[in-house]
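2 protein chains.
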Amino acid sequence: MKPMGALPPEFLLQSGAFRIGGETADDWASQAGDTPLFVYDMAIVAARIARFRAAMPAIDLHYAIKANPHADLLTAIAPLVDGLDVASAGELAKALIVKPPASISFAGPGKRDDELAAAITAGATLNVESEGEAARAFAIGDRLGLTPRMAVRVNPDIELRGSGMRMGGRASPFGVDAVRAAALVTAIVAAGADWRGFHIYAGSQALDPGAIVETQAATIALAARLANEVGAAPPLVNLGGGFGVPYFAGDVALDVERVGDALAQALASRPAILRDTRFAIELGRWLVAEAGVYLTRVVDIKQSQGETFVVVDGGLNHQLAASGNFGTVVRRNYPIAVAARIGQAATDTVSVVGPLCTPLDRLGDKVALPPVAVGDLIAIFMAGAYGASASPSAFLGHPPAIEIVTRG
Amino acid sequence: MKPMGALPPEFLLQSGAFRIGGETADDWASQAGDTPLFVYDMAIVAARIARFRAAMPAIDLHYAIKANPHADLLTAIAPLVDGLDVASAGELAKALIVKPPASISFAGPGKRDDELAAAITAGATLNVESEGEAARAFAIGDRLGLTPRMAVRVNPDIELRGSGMRMGGRASPFGVDAVRAAALVTAIVAAGADWRGFHIYAGSQALDPGAIVETQAATIALAARLANEVGAAPPLVNLGGGFGVPYFAGDVALDVERVGDALAQALASRPAILRDTRFAIELGRWLVAEAGVYLTRVVDIKQSQGETFVVVDGGLNHQLAASGNFGTVVRRNYPIAVAARIGQAATDTVSVVGPLCTPLDRLGDKVALPPVAVGDLIAIFMAGAYGASASPSAFLGHPPAIEIVTRG
Chain A
1 MKPMGALPPE FLLQSGAFRI GGETADDWAS QAGDTPLFVY DMAIVAARIA RFRAAMPAID
61 LHYAIKANPH ADLLTAIAPL VDGLDVASAG ELAKALIVKP PASISFAGPG KRDDELAAAI
121 TAGATLNVES EGEAARAFAI GDRLGLTPRM AVRVNPDIEL RGSGMRMGGR ASPFGVDAVR
181 AAALVTAIVA AGADWRGFHI YAGSQALDPG AIVETQAATI ALAARLANEV GAAPPLVNLG
241 GGFGVPYFAG DVALDVERVG DALAQALASR PAILRDTRFA IELGRWLVAE AGVYLTRVVD
301 IKQSQGETFV VVDGGLNHQL AASGNFGTVV RRNYPIAVAA RIGQAATDTV SVVGPLCTPL
361 DRLGDKVALP PVAVGDLIAI FMAGAYGASA SPSAFLGHPP AIEIVTRG
Chain B
409 MKPMGALPPE FLLQSGAFRI GGETADDWAS QAGDTPLFVY DMAIVAARIA RFRAAMPAID
469 LHYAIKANPH ADLLTAIAPL VDGLDVASAG ELAKALIVKP PASISFAGPG KRDDELAAAI
529 TAGATLNVES EGEAARAFAI GDRLGLTPRM AVRVNPDIEL RGSGMRMGGR ASPFGVDAVR
589 AAALVTAIVA AGADWRGFHI YAGSQALDPG AIVETQAATI ALAARLANEV GAAPPLVNLG
649 GGFGVPYFAG DVALDVERVG DALAQALASR PAILRDTRFA IELGRWLVAE AGVYLTRVVD
709 IKQSQGETFV VVDGGLNHQL AASGNFGTVV RRNYPIAVAA RIGQAATDTV SVVGPLCTPL
769 DRLGDKVALP PVAVGDLIAI FMAGAYGASA SPSAFLGHPP AIEIVTRG
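So this is what it looks like as structure tokens:
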């Protein structure tokens, strides 16, 4: 038996039996008309946003839509956040449907000319990632007769300790090195752009509040240092995100209130040049991961050399990350359950595998579950972020997963 | 500087300058109208098939379409092979367009009832993976008034040494354990199915001919043992595949002729019960990987902390495997080149990164390349298998890659 992550407490608190947005897994599968499906519980997303607001009342909240760009979810989230962060022209088009351009910012190390033109035309803010990109954006703005809105993305000389993906403190394709950032801002302002501030992102998927507190304080100090170099206050500093979620056994959920208290203190004593600056935190995973459940039906149960395999109709084609094949070195089990028997004692050690003809397609490796039968629904939790949109859905020719957002 | 795999010799042999199917990378990008794109050189695929035929004239050749299900490629390959192996109802539908049902077999550990029904209705062969699946298939056949064609997939008590993915010799979701296979065949025959034989697949991506020779000999012995237990000769034994291709520095291409010679010897002395049995080898990757080139354009070149990043418009959303995030534990570099300067001396050490906002999106890590400029096309080789269809194309909202098959 191998450990699995803990089921999100939000679901265990829902009225005894396991329900998503008040309905059972069977109800959702019936409504969908087929399996596999993702159900995103909008009430959980809204509760996360409310918790953030209470913990960090003075901070703008941005949603990084790459975590989950499902149109219905985006429509539901947009009114609850201050901004949307996008990473392609495709994401920009989705964001513009639900949010005004002034609250949309576009980061990404390889923006093409057509993407820059789309953002400038729309009036979204470009988080400029290099001197070369700034030059291209100006040329495009001139051609279009439009003034680009630009923030400068900085590759900070800070790393987020303990983060799942470090994006600062080292050579990086993201942003311009801190030592060159002030010069780039000066050039941008001189060229007549509408300078919106700094975007400073040091890492993601951190569960240690101390590491986030430390990084945020260093980020504020860096922003102040750069502002002083420029001799102008940034309208906005995007502090990045990095709030992790507990996927695996032993993971402890992030103490966001502790982060909020420390951030309030850091801002209370911030350097004078940032006095009128707004601060934003950009979150994707932390807002939506726990709200999502992937439901897949048991097609077969088979024995092989003393092990039991529960074969389900969904797999890494929909949930690559849960199979351990996306950004993790060691495969570990996401929380997984027999939907109709959550809370019952585990009786069997089984591996839950998908329908693909590859040994990579394993959603649960030697997990302890209650009795399971063909036709049961298996629930894989923590499926709301980097699931459907971050998986190779065409691989082996199965249909895409159905996605449903609860009314919240 | 880190090593990269060797460029496939097929391209180096094409007339001095780098061409794919006789045309330059720029020609292909112009024809596509945009980047990134995959170009599949059908002449190289045809040459691989011819090489297989020469090396193993008595063996049926099946194409495992999961390696690359692009419709034009499938149409071109189908007349050149004896069978198509599919792994979903979606792949079955594609195969039926280009090949008669009797030459199509359907493997996969989680076939749903609707998939079984589609295969039985079409008259394709089901590679049955469990006793439970056989029972479901019979019930569906009865309901439809049709006799299922069935082979039995066996989980062999053999593993393919040195294979990239071991699929035998251990507890497995694939097939029935060898100790139960004869009983399942007996039951299938008793129930009136059209028994087509055995499907025995021990692993994939092996480069050591000795390991493949050994596995094939053991597979033939296993098939004979099972046939004797059943008391009937299998019409076909699918020996699996497992022929690897050289992705990385130090990899040596498989000596297929040596495999063919040994297989011919093994078959010459095969047990009497297999005298009239046909044998098939099922290949995906080996037929198409080297034929594919992924072409992506340089959007930006930037310096960070002393390192150079070449930012291109394609990334892991199209070529997950090349980013090291699919089935490999340690990230290593695929062969990569500046398309217009292949054969020129390397002058710079650069990292080639895609446009996605994640540090995972790295196509070349500290590779040595000739001078590279914004607007250049970068070629990533070994892109014909498990590329476009095995990557998370929706991730971050960029368009899918264009795919082109040369006339061959």
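Quick note, the sequences are listed as chains A and B, same order.
Last residue of the first sequence: number 408 in the working numbering, and the count goes up by one each step with no gaps.
Last residue of the second sequence: number 816 in the working numbering, and the count goes up by one each step with no gaps.
We treat Cβ as the ideally placed atom computed from N, Cα and C, and that holds for glycine.
Notebook entry, point to check: Residues bridged to Met42 (chain A) by DSSP?
Noted result: The residue labelled residue 42 (chain A) in the question sits at position 42 within the first sequence. The partner list for Met42 (chain A) (beta bridge, DSSP) is empty, contrary to what the question assumes.
Next item on the list: At 7 Å on the CB atoms, spell out the chain A contacts of Phe579 (chain B), in chain order.
Entry: Walking along the second sequence from the start, residue 579 (chain B) turns up at place 171. Reading the sequence as shown, one finds Ala at residue 579 (chain B) and not Phe. One finds Ser304, Gln305, Gly306, Glu307 in chain A with Cβ atoms closer than 7 Å to the Cβ of Ala579 (chain B), taken in chain order.
Item checked: Burial state of Gln624 (chain B), where buried means 16 or more other Cβ atoms lie within 10 Å -> By one-based count along the second sequence, residue 624 (chain B) stands at place 216. It counts as buried.
Check: Buried or exposed: which applies to Ser351 (chain A), given that a residue is buried once 16 or more other Cβ atoms fall within 10 Å of its Cβ?
Finding: Translated into positions along the first sequence, residue 351 (chain A) becomes position 351. Its Cβ being crowded by 16 or more others within 10 Å, Ser351 (chain A) is buried.
Next item on the list: Take the Cβ of Leu785 (chain B) as the centre, count every other Cβ of all protein chains shown within 10 Å, and call the residue buried at 16 or more, exposed below.
Entry: By one-based count along the second sequence, residue 785 (chain B) stands at place 377. A residue is called buried once 16 or more other Cβ atoms fall within 10 Å of its Cβ, and Leu785 (chain B) is buried on that count.
Checklist line | For Glu307 (chain A), the three-state DSSP class (helix, strand or coil) | finding: What you label residue 307 (chain A) is simply residue 307 of the first sequence in a count that begins at 1. Correct three-state label for Glu307 (chain A): strand.
Next item on the list: Give me the Cβ distance between Asn733 (chain B) and Leu764 (chain B), rounded to the nearest whole Å; I'm assuming they're in contact under 8 Å.
Entry: The sequence position of residue 733 (chain B) within the second sequence is 325, counting from 1. The sequence position of residue 764 (chain B) within the second sequence is 356, counting from 1. The beta-carbon separation of Asn733 (chain B) and Leu764 (chain B), rounded to 11 Å, does not stay under the 8 Å limit for a contact.
Note to self: Let me check understanding here. Comparing Cα to Cα, which of A:Ala321, A:Met42, A:Thr358, A:Ala221 lies closest to Leu73 (chain A)?
What the structure shows: Your numbering for residue 73 (chain A) matches position 73 in the first sequence. Nearest to Leu73 (chain A) by C-alpha distance, out of A:Ala321, A:Met42, A:Thr358, A:Ala221, is A:Met42.
Check: Between Arg520 (chain B) and chain A, is there a C-beta pair that is closer than 8 Å?
Finding: Residue numbering aside, residue 520 (chain B) sits at position 112 when the second sequence is read from its first letter. Nearest CB-CB separation between Arg520 (chain B) and chain A: below the 8 Å threshold.
Next item on the list: From the DSSP output, in three-state form, read off Leu662 (chain B) for me.
Entry: The residue you call residue 662 (chain B) lines up with position 254 of the second sequence. Correct three-state label for Leu662 (chain B): coil.
Check: Assuming Asp721 (chain B) and Pro444 (chain B) make a contact with CB atoms under 8 Å, what is their CB distance in whole Å?
Finding: Stepping through the second sequence from its first residue, residue 721 (chain B) is reached at position 313. Stepping through the second sequence from its first residue, residue 444 (chain B) is reached at position 36. A Cβ-Cβ separation of about 6 Å places Asp721 (chain B) in contact with Pro444 (chain B) under the 8 Å criterion.
Check: Since Asn733 (chain B) meets chain A, which of its residues come closer than 8 Å, beta carbon to beta carbon?
Finding: Position 325 of the second sequence holds residue 733 (chain B). Near Asn733 (chain B) (Cβ distances below 8 Å), the residues of chain A are Asn325, Phe326, Gly327.
Next item on the list: Pull up the distance between the alpha-carbon of His70 (chain A) and that of Ile97 (chain A), whole angstroms please.
Entry: Taking the first residue of the first sequence as position 1, residue 70 (chain A) is located at position 70. Taking the first residue of the first sequence as position 1, residue 97 (chain A) is located at position 97. Going from the Cα of His70 (chain A) to the Cα of Ile97 (chain A) covers about 13 Å.
Next item on the list: Report the rounded CA-to-CA distance for Asn68 (chain A) versus Ala390 (chain A), giving the unit in angstroms.
Entry: To locate residue 68 (chain A), count along the first sequence from 1; it is residue 68. To locate residue 390 (chain A), count along the first sequence from 1; it is residue 390. About 9 Å.
Check: Can a CB atom of chain B be found closer than 8 Å to the CB of Val353 (chain A)?
Finding: Walking along the first sequence from the start, residue 353 (chain A) turns up at place 353. Yes, because at least one Cβ of chain B sits closer than 8 Å to the Cβ of Val353 (chain A).
Checklist line | In DSSP terms, what Ile512 (chain B) is bridged to | finding: The count along the second sequence starts at 1 and reaches residue 512 (chain B) at position 104. For Ile512 (chain B), which the question treats as bridged, DSSP gives the partners B:Leu492.
Notebook entry, point to check: DSSP state of Ile596 (chain B), grouped into three classes?
Noted result: Counting from one through the second sequence, the residue named residue 596 (chain B) turns up at place 188. Three-state result, Ile596 (chain B): helix.
Checklist line | Contact with chain B by Leu320 (chain A), beta-carbon distance below 8 Å | finding: Taking the first residue of the first sequence as position 1, residue 320 (chain A) is located at position 320. Contact of Leu320 (chain A) with chain B is assigned, a C-beta pair being separated by under 8 Å.
Checklist line | Pro654 (chain B) and Leu615 (chain B) closer than 8 Å at C-beta | finding: As a position in the second sequence, residue 654 (chain B) is number 246, starting the count at 1. As a position in the second sequence, residue 615 (chain B) is number 207, starting the count at 1. In this structure, Leu615 (chain B) lies closer than 8 Å to Pro654 (chain B) by Cβ.
Next item on the list: Might you give, ordered along the chain, the residues of its own chain that have their beta carbon closer than 8 Å to the beta carbon of Thr529 (chain B), omitting 5 neighbours on each side?
Entry: Taking the first residue of the second sequence as position 1, residue 529 (chain B) is located at position 121. Closer than 8 Å at the Cβ level, and outside the excluded window around Thr529 (chain B), lie Leu552, Leu554.
Margin query: With H, G and I counted as helix, E and B as strand and the rest as coil, what does DSSP make of Val746 (chain B)?
Written below: As a position in the second sequence, residue 746 (chain B) is number 338, starting the count at 1. DSSP places Val746 (chain B) in strand when its eight states are reduced to three.
Check: Does DSSP put Gly700 (chain B) in a helix, in a strand, or in coil?
Finding: Counted from its first residue, the second sequence places residue 700 (chain B) at position 292. Gly700 (chain B): strand per DSSP, three-state reduction.
Item checked: Simplified DSSP state of Arg143 (chain A), which is helix, strand or coil -> For the purposes of this step, residue 143 (chain A) is taken as the residue at position 143 of the first sequence. It is helical.
Next item on the list: Measuring only between beta-carbons, confirm whether His806 (chain B) sits less than 8 Å from chain A.
Entry: Counted from its first residue, the second sequence places residue 806 (chain B) at position 398. Yes, His806 (chain B) counts as interfacial toward chain A.
Checklist line | Residue nearest to Val409 (chain A) in terms of C-alpha spacing, selected from A:His398, A:Pro359, A:Val338 | finding: With chain A covering only 1 through 408, there is no way to say anything about residue 409 (chain A).
Item checked: Ser172 (chain A) in three-state terms, based on DSSP -> Your numbering for residue 172 (chain A) matches position 172 in the first sequence. Residue state, collapsed to three classes: coil.
Notebook entry, point to check: Can you check whether the CB of Phe717 (chain B) is closer than 8 Å to the CB of Pro173 (chain A)?
Noted result: Counting from 1 along the first sequence, the entry for residue 173 (chain A) is found at position 173. Counting from 1 along the second sequence, the entry for residue 717 (chain B) is found at position 309. Against a cut-off of 8 Å, the Cβ pair of Phe717 (chain B) and Pro173 (chain A) comes out as a contact.
Note to self: Can you look up Leu360 (chain A) in the DSSP assignment and give me helix, strand or coil?
What the structure shows: Sequence index remark: in the first sequence, residue 360 (chain A) carries index 360 (1-based). Of the three classes helix, strand and coil, the one that applies to Leu360 (chain A) here is coil, per DSSP.
Check: Are the C-beta atoms of Ile709 (chain B) and some chain A residue less than 8 Å apart?
Finding: Reading the second sequence from its first residue, position 301 is the one you call residue 709 (chain B). Ile709 (chain B) counts as touching chain A.
Check: Listed from N- to C-terminal order along the chain, which residues in the region 220–245 of chain A have their beta-carbon within a distance smaller than 9 Å of any beta-carbon of chain B?
Finding: Cβ contacts with chain B come from no residue of the region 220–245 of chain A.
Notebook entry, point to check: Tell me which same chain residues have a C-beta within less than 7 Å of the C-beta of Pro617 (chain B), skipping the five on either side of it?
Noted result: Here residue 617 (chain B) is taken as the residue at index 209 of the second sequence, counted from 1. Excluding sequence neighbours, Pro617 (chain B) sits near Leu662, Asp663, Arg666, Val667.
Check: For a contact meaning CB atoms closer than 8 Å, what does Gly33 (chain A) contact in chain B?
Finding: Residue numbering aside, residue 33 (chain A) sits at position 33 when the first sequence is read from its first letter. Residues of chain B passing the Cβ test: none, with the nearest at roughly 12 Å.
Item checked: Same chain only: Cβ atoms within 6 Å of Leu271 (chain A), ignoring 5 sequence neighbours per side -> Stepping through the first sequence from its first residue, residue 271 (chain A) is reached at position 271. Correcting the residue type first, residue 271 (chain A) is Pro in the shown sequence and not Leu. The residues are Ala224.
Checklist line | Cβ distance (whole Å) where Val39 (chain A) is taken to contact Val293 (chain A) below 8 Å | finding: Taking the first residue of the first sequence as 1, we reach residue 39 (chain A) at position 39. Taking the first residue of the first sequence as 1, we reach residue 293 (chain A) at position 293. About 5 Å; that satisfies the 8 Å criterion.
Margin query: Check whether chain A comes within 8 Å of Pro800 (chain B), counting only Cβ atoms and requiring the distance to be less than that.
Written below: In the second sequence, residue 800 (chain B) corresponds to position 392, counting from 1. A Cβ of chain A is located within less than 8 Å of the beta carbon of Pro800 (chain B).
Check: Does any residue of chain A bring its CB to less than 8 Å from the CB of Lys502 (chain B)?
Finding: Position 94 of the second sequence, counting from 1, holds the residue named residue 502 (chain B). With 8 Å as the cut-off, Lys502 (chain B) counts as an interface residue toward chain A.
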